[in-house]
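Inspection log for the structure reproduced underneath, given as structure tokens.
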């Protein structure tokens, strides 16, 4: 079973330059493929696959355009991977899984430097404190002893974010998929906005966005974004010798904004990791969650920011991976299953239940917290899909 690891690295100045150059070329080639495919489709009404574009790029375009020889100066594996990523974006669009592919912007895109095993006999060496990346050589790891040193590394990627460099690797590991519990005991989890999650075990996981630390960082982020906006306005007004200095200050302020964004993201991701581990360590035989329509929920302009801050999709993805690793069955109830409106005592459906009603009161005399009642119904759901 493949398993991924990611940690921060400490590359030298020369390695940083090579990483930045490779990421820049990959972003350019990605955009080049999107633009070329769009032009060919409009004129000839045909789709160019990633393999065909790669052959055209290497055999026709580059030999006839020596000014673009810098594309060949970086890792060919990274360039090829970026082309295939663009092709996958097109296929996701054709299959209706996503919108039309967008061009990647500098400082705003998640472009990476990819590396793979060159052949079956090749080995990507990894030690306790460093890893040998093709075209870069030995790169020091900031977190020592995290990467497995006795496993075969199949592929990896180097990324840059907010002034820091990271490496992620994919290794093949033997994972025993055996149930942790033989008893038919499971838990239901109801996700929400007031509280992040409520389980049928009466465990309440608070909304991290209401914490003091997150509120302080959000306030700082708004302040730093206003500073950045003022610097842009100042640059528009200044057309003298101080323009270059203003641009340098803008780049510094952009990095400050990015670092604040990263701190917020790390806080939320860390809370999700701890929540998932806390749920799994109870050793249930199954876990039931609801199939939320995240894209539809995001269309509500009043709740979209709160929904995005909860990171429900990341929670489900990590819960799926952890359940698969621990041998726990993850059940997903249909999104139209009335978990909140269903009375857990008598089974009646309360159709007039409002979002503002935080306590569920049934005519049979049953009374319980709205989210806790929903988690009990999810735990006992009979119709579900196994993720």
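Numbering (the working numbering), first residue to last: 13 to 399.
Even for Gly, the Cβ is constructed at its ideal location relative to N, Cα and C.
Determine the DSSP secondary structure at residue 258, reduced to helix, strand or coil. helix
If we count the other Cβ atoms within 10 Å of its Cβ and call it buried at 16 or more, is residue 210 buried or exposed? buried
Could you pull the start and end residues of the alpha helix (DSSP H) that residue 65 belongs to? 62 to 68
Same chain, Cβ closer than 8 Å to residue 323, neighbours up to 5 away in sequence not counted: Listed in chain order, the non-local C-beta contacts of residue 323 below 8 Å within the same chain comprise 280, 281 and 284, local neighbours out to five positions each way being set aside.
Cross-strand partners of residue 19 (DSSP beta bridge): 179
Do you know whose CA, among 156, 354 and 223, lies nearest residue 381's CA? 354
For residue 210, name the three-state secondary structure that DSSP assigns. strand
Ordered along the chain, which non-local residues of its own chain (more than five positions away) have a Cβ less than 8 Å from that of residue 374? 355, 357, 358, 360 and 362
Would you tell me roughly how many angstroms separate the C-alpha atoms of residue 261 and residue 341, rounded to the nearest one? Approximately 52 Å between the Cα atoms of the pair.
For residue 313, which three-state DSSP category applies? coil
Pick from 124, 133, 165 and 157 that is closest to residue 144, judged by C-alpha positions: 165
Bridge partners of residue 150, per DSSP? 144
Going by DSSP, which residues form a beta bridge with residue 125? For residue 125, which the question treats as bridged, DSSP gives the partners 170.
Go through the segment 232 to 304 residue by residue and report every complete run of the beta strand (DSSP E) that reaches 3 residues or more, in order. 298 to 302
Is residue 135 closer than 8 Å to residue 198 when the C-beta atoms are compared? no
Roughly how far, in whole angstroms, is the beta-carbon of residue 180 from the beta-carbon of residue 351, given that I think they are within contact range, below 8 Å? Rounded, the Cβ-Cβ distance is 36 Å, inconsistent with contact.
Determine the direct distance from the alpha carbon of residue 204 to that of residue 321, and round the result to whole angstroms. 12 Å
How is residue 31 classed by DSSP in three states: helix, strand or coil? Taken through DSSP and simplified to helix, strand or coil, residue 31 comes out as helix.
Against chain D, with Cβ distances strictly below 8 Å, would residue 392 count as a contact? The structure shown has no chain D; it contains just one protein chain.
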